[in-house]
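K.L.:
To start, I am sharing the structure in question, which I have written as structure tokens.
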Amino acid sequence: MATKFFDRLSRDLTQLLEDPTDYNVTIEIGEAPNSQIFTVHSYILQSRSPYFKNKFNETPFNDDHIKVLTMPNINISIKIFDVIIKYIYGGIISLEKLENSTIFDLVIASNELELNELVEHLQTYLINNCASWLRLKFARIYRTSYQDGLQLVESKIWEYVIKWGKAKNSTLPTNLDKWTSDNFLTLKETLKRCLPHIRYFSFSNEDVAEKIFPYHRILEPKLWLDINSKIMTPNKQISSIILPPRKILKIKLPIRNTPIPLPSNIITNEHALEISSWIDKKESPYIENYPYDFKLLVRGSRDGFDVKTIYNICDKVANTIIILKVNGTGEILGGYNPLEWEYINIRRKKTADSFIFSLKTANLKNSILSRVKKFDYAIYNYPDLSFNDALRLIGNLKTEKRCYCMANSVYSKPIRSVEFISQYVFPSEIPKEVLFSVEEYEIFKILPKNDLK
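Start counting the sequence shown at 1; every next residue gets the next number (full-length UniProt numbering).
Structure follows, in structure tokens:
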């Protein structure tokens, strides 16, 4: 049985990139004076990328025995190329701190460089983790992706285009039978930049009848006539442009994670997905896939409401979310602590990753997220449970009305409306009307799913 030392190999090759001994290629990325020169090794790049293999064959050495490459035909930024070149050398890529738009640009660049393994990984990542962003940016993604062979059958692309166009015009009748000529013109105008890129002559006869025909009035009359002509007489010459069929890659996408029942009496699955996205510092909430399991540790109605009870159960436990349902207002407040809660009198703990929040409810249109700004003061420990004074829990959470949220500079914004936020500096001066008790609370241990590690 062979022993594989991939980690050491990756580190050594990455080191070679950082200290490019005996390099024989320079690649200029960007436009002067802001361009950057990457010094690399042809034998590594051409073994990893068919694009570079062909490029090197076309490029002679100069007098210094260096191949000098520019890449004018590939739209790639210095930031994107830096990620790609590190992947080529070390086989490692980290997406957690990249914006969704950057990851999408990374897909396009990787496809042009024929890095098929990386393209497949990035596409899967976007589908599993960025579904809401993909929907939001549909027009941009469609216009970009059709040039690279969108990986869907044409009838499915048509369905998505029509669905998006209708969603952009909420006044269109739900029943297609009630559409007027003006309604079809509205949809046609919305989709005018998408329609030319549909491969109409790749549809089956059945899909033409079932999917295109109901909306044929958004097409130019000559195009609709040619579509029908091709069905009846396939060999007949027509004047409409026939785009080539898409090359569908045989890539098996991963099965979406099926959400497990959430063990909460306070929050919904949507809330849990939103909290998960905050933990991962995502632009948009997760939609369908749970990156974490929420393991219930404490529940007030089951275990008791005293803060001492929380410390007894959660002592030395890290990565926890506390959820509070405020008595009398229906608010759902909470906070995330990536550090351990400690049942000792060490009051102040430092972290850059904690946050507090107020979740969307019937009375709150959008959730409020407040991230820590002053890391040294993020968490206070026993005897209270405190995210500084921005969210502080004291005594018996149900029978004593002593909890409060104070406006301060440690967290980015208040999580309650102004009438429930104390503006006083000293806790002893907090007015009674901003103090609250809780109807119920829950604390969860946040555990990464094994299949996403």
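By construction, the Cβ of each residue, glycine as well, lies at the ideal position given by its N, Cα and C atoms. All of these numbers come straight from a predicted model, not from anything done at the bench.
1. Should the stretch 94 to 105 be called in touch with the stretch 45 to 65, which here means at least 3 C-beta pairs below 8 Å?
2. Check this for me: beta carbons of residue 356 and residue 378, under 8 Å apart or not?
3. Please name the residue in 90, 133, 77 whose C-alpha comes closest to that of residue 6.
4. With H, G and I counted as helix, E and B as strand and the rest as coil, what does DSSP make of residue 396?
5. Identify, in the order they occur along the chain, each residue of the same chain with its Cβ nearer than 7 Å to the Cβ of residue 271, setting aside the five sequence neighbours on each side.
6. Given residue 318, which residues of its chain have a CB within under 7 Å of its CB, disregarding the five upstream and five downstream residues?
7. Measuring alpha carbon to alpha carbon, tell me which residue in 49, 35, 324, 376 is nearest residue 347.
8. Determine contact between the stretch 265 to 283 and the stretch 429 to 448, defined as no fewer than three beta-carbon pairs at a distance below 8 Å.
9. Who pairs with residue 295 in a beta bridge, going by DSSP?
10. Please name the residue, chosen from 16, 30, 13, 108, that lies closest to residue 71 on a Cα-to-Cα basis.
11. From the DSSP output, in three-state form, read off residue 358 for me.
12. So, helix, strand or coil for residue 438, using DSSP?
13. Among the residues of its own chain, which have a CB less than 8 Å from the CB of residue 86, if the five just before and after it don't count?
14. Please check the pair residue 449 and residue 290, which I expect to be a contact at CB under 8 Å, by giving their CB distance rounded to whole angstroms.
15. With DSSP run on the structure shown, which of helix, strand or coil describes residue 237?
16. Where are the alpha helix (DSSP H) runs, 4 residues long or more, that stay fully inside the stretch 147 to 206, in chain order?
17. Could you check where the alpha helix (DSSP H) with residue 18 kicks off and where it finishes?
18. DSSP state of residue 406, grouped into three classes?
19. For residue 422, which beta-bridge partners are listed by DSSP?
20. Measure the beta-carbon distance from residue 110 to residue 84 and round it to whole angstroms, keeping in mind my assumption that it falls under 8 Å.
21. Let me check understanding here. Comparing Cα to Cα, which of 107, 58, 38 lies closest to residue 20?
22. Taking residue 296 and residue 444 to be in contact with their CB atoms under 8 Å, please state how far apart those CB atoms are, rounded to whole angstroms.
23. Comparing the C-beta of residue 131 with each C-beta of chain C, is any distance below 8 Å?
24. Whole angstroms is fine: what's the gap from residue 324's alpha carbon to residue 409's?
25. Using a threshold of 8 Å, state whether the C-beta atoms of residue 458 and residue 416 are closer than that.
26. The beta strand (DSSP E) with residue 28 in it runs from where to where?
27. Near residue 46, what residues of its chain come up, given a Cβ to Cβ distance below 6 Å and the 5 sequence neighbours on each side ignored?
28. Comparing alpha-carbon positions, which option in 447, 423, 308, 396 lies nearest residue 381?
29. Mind checking who residue 38 pairs with in its DSSP beta bridge?
30. With H, G and I counted as helix, E and B as strand and the rest as coil, what does DSSP make of residue 81?
31. What are the boundary residues of the beta strand (DSSP E) that includes residue 369?
32. Taking the alpha-carbon of residue 217 as reference, which of 243, 189, 244, 235 has the nearest alpha-carbon?
33. Using three-state DSSP, classify residue 3 as helix, strand or coil.
34. Please report the straight-line C-alpha distance between residue 374 and residue 120, rounded to a whole angstrom.
35. Determine, using beta carbons only, whether residue 200 and residue 223 come nearer to each other than 8 Å.
36. Could you pull the DSSP bridge partners for residue 68 from this structure?
P.N.:
Walking through what the data contain:
1. No: the two stretches stay apart, fewer than three of their Cβ pairs being nearer than 8 Å.
2. In this structure, the beta-carbon distance from residue 356 to residue 378 does not fall below 8 Å.
3. Sorting 90, 133, 77 by C-alpha distance to the C-alpha of residue 6 places 90 at the top.
4. It is a strand residue.
5. Apart from sequence neighbours up to five positions away, the residues of its chain that approach residue 271 with a beta-carbon distance below 7 Å are 359, ordered along the chain.
6. Around residue 318: 338, 339, 340.
7. Relative to the Cα of residue 347, the nearest Cα in the group 49, 35, 324, 376 belongs to 376.
8. Contact between the stretch 265 to 283 and the stretch 429 to 448 is present, because at least three Cβ pairs lie under 8 Å.
9. Bridge partners of residue 295: 445.
10. For the residues 16, 30, 13, 108, the minimum Cα distance to residue 71 belongs to 30.
11. If DSSP states are grouped into helix, strand and coil, residue 358 belongs with the strands.
12. Three-state DSSP puts residue 438 in a strand.
13. Cβ within range, chain order: 14, 17, 92, 93.
14. Indeed, because the Cβ distance is near 7 Å, the residues count as touching under 8 Å.
15. Three-state result, residue 237: coil.
16. Segments of the alpha helix (DSSP H) lying fully in the stretch 147 to 206: 154 to 167, 181 to 190.
17. DSSP places residue 18 inside the alpha helix (DSSP H), whose first and last residues are 6 to 18.
18. Residue 406 carries a strand assignment under DSSP once its states are collapsed to helix, strand and coil.
19. 406, per the DSSP bridge assignment.
20. Yes, residue 110 and residue 84 are in contact; Cβ-Cβ is about 6 Å, under 8 Å.
21. The option with the nearest alpha carbon to residue 20 is 38.
22. With a Cβ gap of about 6 Å, residue 296 and residue 444 count as contacting.
23. Checking the listed chains, one finds no chain C in this structure; it contains a single protein chain.
24. Each residue's Cα considered, the two are about 22 Å apart.
25. A query on residue 458 cannot be resolved here, the shown segment of the chain reaching from 1 to 453 and no further.
26. 25 to 29 is the span of the beta strand (DSSP E), which, as asked, contains residue 28.
27. Excluding positions up to five away in sequence, the list reads 52, 53, 56.
28. Residue 308 is the option with its Cα nearest to residue 381.
29. Residue 38 is bridged to 27.
30. Residue 81: helix per DSSP, three-state reduction.
31. For residue 369, the enclosing beta strand (DSSP E) begins and ends at 368 to 371.
32. Considering only alpha carbons, the answer is 189.
33. Residue state, collapsed to three classes: coil.
34. Taking the straight line from one Cα to the other gives about 40 Å.
35. Yes.
36. 26, per the DSSP bridge assignment.
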